[in-house]
Structures are given as structure tokens and as C-alpha cells.
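Report on the structure given below.
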Amino acid sequence: LLGVEVHDVDCATVLMPAEVIDRCARVGIRTVPTGIEHGTVTAILADGPVEITTLRRDVATDGRRATIAFARDWAEDAARRDFTINALYAHPETLEIADYFGGLDDLAARRVRFIGDARERIAEDHLRILRYYRFQARFGAALDAEAEAACADLAHTLKGLSRERVAAELLTLLALPDPHATLERMRTHGVLGVILPEACAAQLAALARLITQEDAQGVAPDPVRRLAALLPPSPDVAETVAARLRLSKTQRARLIGAAERVADDTANPHALAYRVTVPSAVDRLLLLGGDARALIGWTPPVFPLKGGTIVARGVTAGPAVARVLQAVEQRWVAEGFPDPARVETLLNEELAKTST
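Count along the sequence shown starting at 1, add 137, and that's the number in this note's numbering.
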């Protein structure tokens, strides 16, 4: 409807999950019960997976998870959704759209609006606050005053959510092309302070500079890199935030690596990438306002000298070999990774030092 590329397809049905699985099996379609307790079965098709969910209605909500019952009424299923633009149903054959709450008009106006009373929708699931900002950053233009006020008033309810859910929403928001203005509003509304108190005005300015650098250098957005921009450059702070958000080991290492950046990192991008990996070097350079373009598509070379070669030249295995190996490698990196012939010369020079 917006002319935006579609990456996933969701289907809704009045059929019960067991019937969905049975019908798929009859035509040779493999299924995975990804969320069968909530009515969702994933069909594995040649063009990609499709989630098929039985119509539902909410029986009880507590702000974190809903207790649901299966339903047969499409309007009832639509009423339990968060935003009007998320309650649009297209018939699979005619493509006729069923719009129960004015979602088409809101979509045309690029307005993200809660279904019914915004505060009631948020009370059902507090994560909808973060979803609102994410959808607004992606699709929105006109701000909905009721939604903005409700999110600000109920920001404190985010404290009761699991850290994994909060982190997933935050990182998805940060992965959007330019979430800076949305994050500024989240800070003004008191939302950002609940989930990421380290993100002060100065850090939001750092994020804006990072986004400018990414755009200018043609580097794709990265949510962990952008999260690093929202934090002071302190490994201890990065460690604390990674633990609080329960980031994966890979994300944690990336965040801490970015926090270890120093001004001298911009002096030799290739040497930096050899030392800390290319992705980490790109993070540091962009966060420091440096030029990372030389690293795009670059693969660090393999140091051609091995300890056995040094031992064969008469150096006793142990610390002495390590010192020579390190000295040659440092010079090799500083000289821009010259060929093996130059490495041999460097080795001879270092061995001469050890014999004097």
C-alpha cells in the first residue's frame, strides 16, 4: 500500500492450528509450530516462511502477556491489535481490504494511531509504547496527539517488561534509516530515560553525527553501533548496558569494543581493523568521525611469519620467540602489510638486535 518492499507475509484464518497443519501436510507443505499456543503455525514455502495465525480474542491482559481464546470474528481479531494500520486484512484471492478502524486513511496520512483508547491499548501490553515509536519512525509523518500523550504518561510501565523484549524493540528502532528525531521525542517524553538512562542530550547529538557519517560514507545502519553512540565511551558503561538489555555475546563484544575507541584509532584504519576486526574498526571510525570507506570489502591479510621459522633460525623456543614475532608483526602492520620478502628482511633485522 505504501510501495515499500515486503519482507514477510502473515496470514490469518478461522481454521484451528491443527487444521492448518493438516491442510498444509496434504499438499506437501512443511509446517513448524512456532507459536502454536498462540495460534501461530509457520508454513515453509519456496519463497520463504509464512506465519499463519488463527483469529483470536483477548480473555485477559496484564500489560505483559495476553491470555487469548481462538475466535471466528474478523472484527474481534482486529480489535485486539495495537494500531489501526496493523488491523488491515487483504483477501488472498480478491485482495479486497477489510478496514475496521480507519487504517487506510491513517496510512495515507502516515499517521500511527492506536485502536480505540490509546491508554487502554498500552495497559494491555506496555511494549506497545516502544512499538508506537518504532512504527512512527518507520511510517509516520503526522503525530497523533493522543498517542504521544499516552506514551509519555505511561512510560513508567516499561519497567515491568522483560529486558529481552525491550532490547529487541530498541534495536529494531535503531536499525531504521534515521531514528534520531523519534529518539529525541522519546527522551522528551521520558520514555528513553526509563529504558536507556545513559542516553542524554549529548549522546543523542552523537547519534545524529553517526547517522550523518553512515549516510556520507555509504555504510549500512547497525543497531549496536548506534546503541554505542547513545552511551558514553566507557567499557564499564557498555558492559552494564549489555547486561541490563541481556544482549547476546556477539552484541556485547561489539558494544564494548566500540566503547574502547580512542582518538588515535583514526590514524591507521587498516592497522586498526587488523587488530580489532573490520566490523569493530568501522564502528570506531564512524563513531569518531573518521573515514571507514577504505575498510569496506577489505579483508585483513594473514601474517606470514610463524614461530617455527624463528626457532629454525636459532632462537630458543619460548618468550624470546614471542618477542621477535611480535616485533616483526608490529613493523609489518605499520608498513602496510608488505610481502613475504619484506617480512624476511624485518625478521633478519630483529634477529640481529637479539644477537647484539
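We treat Cβ as the ideally placed atom computed from N, Cα and C, and that holds for glycine.
Output the distance between the C-alpha atoms of residue i and residue j, rounded to the nearest integer angstrom.
i	j	result
residue 416	residue 156	46 Å
residue 319	residue 426	23 Å
residue 397	residue 437	20 Å
residue 192	residue 422	49 Å
residue 344	residue 323	14 Å
residue 457	residue 481	17 Å
residue 175	residue 280	32 Å
residue 349	residue 474	31 Å
residue 232	residue 168	24 Å
residue 464	residue 406	20 Å
residue 212	residue 321	36 Å
residue 347	residue 491	46 Å
residue 256	residue 291	8 Å
residue 217	residue 327	27 Å
Inspect the beta-carbon positions of residue i and residue j and report whether they are closer than 7 Å.
i	j	result
residue 180	residue 173	no
residue 362	residue 402	no
residue 219	residue 265	yes
residue 461	residue 454	no
residue 432	residue 366	no
residue 198	residue 142	no
residue 429	residue 354	yes
residue 238	residue 252	yes
residue 418	residue 410	yes
residue 440	residue 466	yes
residue 158	residue 178	yes
residue 138	residue 267	no
residue 250	residue 221	yes
If residue i sits next to residue j, beta carbons under 8 Å apart, how far is it from one beta carbon to the other, in whole angstroms?
i	j	result
residue 194	residue 214	7 Å
residue 224	residue 234	Their Cβ separation, rounded to whole angstroms, is 11 Å, which puts residue 224 and residue 234 out of contact at 8 Å.
residue 270	residue 310	6 Å
residue 484	residue 442	6 Å
residue 307	residue 332	6 Å
residue 374	residue 335	6 Å
Quick one: is the Cβ of residue i within less than 6 Å of any heavy atom of the ligand PLP?
i	result
residue 332	Only the bare structure without any ligand can be found here, which leaves the ligand PLP out of the picture.
Report yes or no: do three or more beta-carbon pairs, one from the segment 310–321 and one from the segment 283–299, lie closer than 8 Å? no
Minimum length 4: unbroken alpha helix (DSSP H) runs contained in the segment 421–465: 444–449
Are the segment 299–312 and the segment 378–390 touching, with three or more C-beta to C-beta distances below 8 Å? yes
Mind listing, in chain order, the continuous alpha helix (DSSP H) runs of no fewer than 4 residues lying wholly within the segment 276–348? 282–290, 300–311, 317–325, 329–332
At 4 residues or longer, what runs of the alpha helix (DSSP H) sit wholly inside the segment 192–260? 211–216, 240–245
Let me know the alpha helix (DSSP H) ranges lying completely inside the segment 342–423, each 4 residues or longer, listed in chain order. 360–366, 372–381, 386–396, 406–413
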